[in-house]
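**Q** Numbering (the numbering used here), first residue to last: 1 to 300.
The beta carbon of each residue, even a glycine, is placed where N, CA and C say it ideally should be.
Quick caveat: nothing in here was measured; it's all calculated off a predicted structure.
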């Protein structure tokens, strides 16, 4: 993420978003320059905020953003006590009066929008706090009712739906867990959520759906062993000997970047599967049915 609001806005919103925001800044800059004697240093405020946006996250600094918008809205309304205002109003035509009242109306709308934005921000802060509290509760104390009670406030937050899905999966409510994981995936691309979704489908013996989600994780993390191990175990459960051999060979021949005990265990597991495939098909069949680690979802 760049430390530049304009680049971020261009990437996330495109040319139109950048154009509209620049139009807003230019409009207020012209207004501030025109009323520089009566606008309470609005000109310097706009320049300062542009500098902040060029070097940092102005949009994400919510208090600063709200104050900036409120200040711009308030200073847009000319003050009747100012001599420059009185002189200009004296020479206004009817069309200019209409423009003046239109500006006042726009300023009022801006103030209302800022107030709504402020209230929404406080609500989001409360939701983030609840979401943080959920992660701090020991799993032994978390119940399905705990998550259900938070649904209204945290609905749409990926971490909440992932944790809710974990609780449902631990309670063997696999279909409900899948729905929670899919809801989380609407707002996140976390590989762990894809992997958990695939594991639930694997337990339900819906192998095509499970393979689909495991394959997504493998494409996202081609350098990791765990996604390939998940697919290997899926093919073992499915009884697809051809794919078992292919995936076991892939794990065996995969280059190790950082040596660890877990990586060695995965490679040893793949070697054991290949050995049984090459020596005794009956032993392989018994091995795949009795292996205690076959359905483990622990990350390797």
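Three or more C-beta pairs closer than 8 Å, one from the stretch 27-35 and one from the stretch 1-10: is that the case here?
**A** Taking 8 Å as the limit for Cβ pairs, the verdict is that the stretch 1-10 does not touch the stretch 27-35.
**Q** Just the Cα atoms here: how many angstroms apart are residue 274 and residue 204?
**A** Each residue's Cα considered, the two are about 26 Å apart.
**Q** Once you ignore the five residues that flank residue 46 on each side, which residues in its own chain have a CB closer than 8 Å to its CB?
**A** Here the set comprises 25, 28, 29, 32 and 72.
**Q** By the 10 Å Cβ neighbour count, where 16 or more other Cβ atoms means buried, how is residue 8 classified, buried or exposed?
**A** Counting Cβ neighbours within 10 Å, residue 8 comes out buried, since at least 16 surround it.
**Q** What's the gap between the Cα of residue 209 and the Cα of residue 68?
**A** C-alpha separation (whole angstroms): 49 Å.
**Q** Quick check for students: name the residue ranges of the beta strand (DSSP E) that lie wholly in the stretch 167-241, counting only runs of 3 or more.
**A** Those beta strand (DSSP E) runs which fall completely within the stretch 167-241 and span 3+ residues do not exist here.
**Q** Which residue's Cα is closest to the Cα of residue 218: 189, 242 and 239?
**A** Looking at the Cα atoms, 189 is the closest of the given residues.
**Q** Between the alpha carbons of residue 207 and residue 230, how many angstroms are there, rounded?
**A** In a straight line, the C-alpha of residue 207 is about 12 Å away from that of residue 230.
**Q** Suppose you measure from the CA of residue 182 to the CA of residue 144; what does that come to, to the nearest Å?
**A** Rounded to the nearest angstrom, the two C-alpha atoms are 18 Å apart.
**Q** Could you spell out where the alpha helix (DSSP H) holding residue 272 opens and where it closes?
**A** Per DSSP, residue 272 belongs to the alpha helix (DSSP H) from 261-279.
**Q** Are the Cβ atoms of residue 236 and residue 214 separated by less than 8 Å?
**A** Contact flag unset, no.
**Q** Mapping DSSP to helix, strand and coil, what is residue 254?
**A** Reduced to three states, the DSSP call for residue 254 is coil.
**Q** Could you tell me whether the Cβ atoms of residue 165 and residue 175 are closer together than 8 Å?
**A** The answer is no: Cβ separation not under 8 Å.
**Q** Please classify residue 197: is it buried, with 16 or more other beta-carbons within 10 angstroms of its beta-carbon, or exposed?
**A** Label assigned to residue 197: buried.
**Q** How many angstroms separate the CA atom of residue 246 from the CA atom of residue 266?
**A** The straight-line gap from Cα to Cα measures roughly 15 Å.
**Q** The alpha helix (DSSP H) spanning residue 151 covers which residue range?
**A** Counting along the chain, the alpha helix (DSSP H) containing residue 151 begins and ends at 151-154.
**Q** Note down the Cα distance separating residue 48 from residue 54, rounded to an integer number of angstroms.
**A** Their backbone Cα atoms lie some 10 Å apart in a straight line.
**Q** My guess is that residue 172 and residue 147 are in contact by the Cβ rule of under 8 Å, so how many angstroms apart are they, rounded?
**A** That pair is no contact at about 16 Å.
**Q** What runs of the alpha helix (DSSP H), each 4 residues or longer, lie entirely inside the stretch 11-76?
**A** The stretch 11-76 contains these whole alpha helix (DSSP H) runs: 42-55 and 62-76.
**Q** On a Cα-Cα basis, can you pick out the residue from 278, 178, 58 and 16 that is closest to residue 242?
**A** Per the Cα distances, 278.
**Q** According to DSSP, is residue 160 helix, strand or coil?
**A** DSSP places residue 160 in helix when its eight states are reduced to three.
**Q** I need the straight-line Cα distance from residue 216 to residue 202, nearest angstrom please.
**A** Near 15 Å, if we compare the C-alpha coordinates of residue 202 and residue 216.
**Q** Could you check the C-alpha separation between residue 43 and residue 34 for me, to the nearest Å?
**A** So the two alpha carbons sit approximately 10 Å from each other.
**Q** Nearest-angstrom Cα distance between residue 19 and residue 63?
**A** If I take the Cα positions, the gap works out to 24 Å.
**Q** I need the DSSP call for residue 145, collapsed to helix, strand or coil.
**A** Residue state, collapsed to three classes: helix.
**Q** Identify whether residue 249 lies in helix, strand or coil by the three-state DSSP scheme.
**A** Reduced to three states, the DSSP call for residue 249 is helix.
**Q** If we count the other Cβ atoms within 10 Å of its Cβ and call it buried at 16 or more, is residue 112 buried or exposed?
**A** By the 10 Å Cβ count, residue 112 comes out exposed.
**Q** Report buried or exposed for residue 258, applying the criterion of at least 16 other Cβ atoms within 10 angstroms of its Cβ.
**A** So residue 258 ends up on the exposed side.
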